[in-house]
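To start, the structure itself, in structure tokens.
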Amino acid sequence: MQVIAGREDDDTTGYRQQTIEHGDIIATGTVHSDGYGTTPTERAQFIITTIRDHLTRTACTHHLNQHATINSVLDTEMRWCPLCGSRLPT
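For the sequence shown, this note's numbering assigns the number -7 to the initial residue and increments by one for each residue that follows.
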């Protein structure tokens, strides 16, 4: 795939070849998924939300350094991360 590499000295756009990489699958489904929407704007919002949720879960530390404190406040074992919603190991 050809991608923009920057500007050349003569102020033209420089390009370079980049191989396409395959990343993690962050969502699966069809256009019939809940919340997918019917308009291009709703569908873009759905896709953006899915990506943001994935990135939040990837970066989240699940408050493990505060696990005991959160458990005492809840008066029960924390089973879900309050930030990203991931299920926590028990």
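Backbone N, C-alpha and C fix where the C-beta goes; we use that ideal spot for every residue, glycine too. All figures in this text were calculated on a predicted structure; none of them were measured in a lab.
From the options, residue whose alpha carbon lies closest to that of residue i
{"i": "SER25", "options": "THR33, GLU13 and PHE38", "result": "PHE38"}
{"i": "ILE17", "options": "THR42, ARG(-1), TYR28 and PRO32", "result": "THR42"}
Coil, strand or helix - residue i by DSSP
{"i": "ALA19", "result": "coil"}
{"i": "ARG44", "result": "helix"}
{"i": "ARG79", "result": "strand"}
Which residues DSSP lists as bridging residue i, in chain order
{"i": "TYR7", "result": "ILE(-4)"}
Say whether the segment -6 to 6 touches the segment 14 to 29, bearing in mind that this needs 3 or more beta-carbon pairs closer than 8 Å, one atom from each stretch.
no
Within 8 Å, do at least three Cβ pairs link the segment 63 to 76 to the segment 41 to 55?
yes
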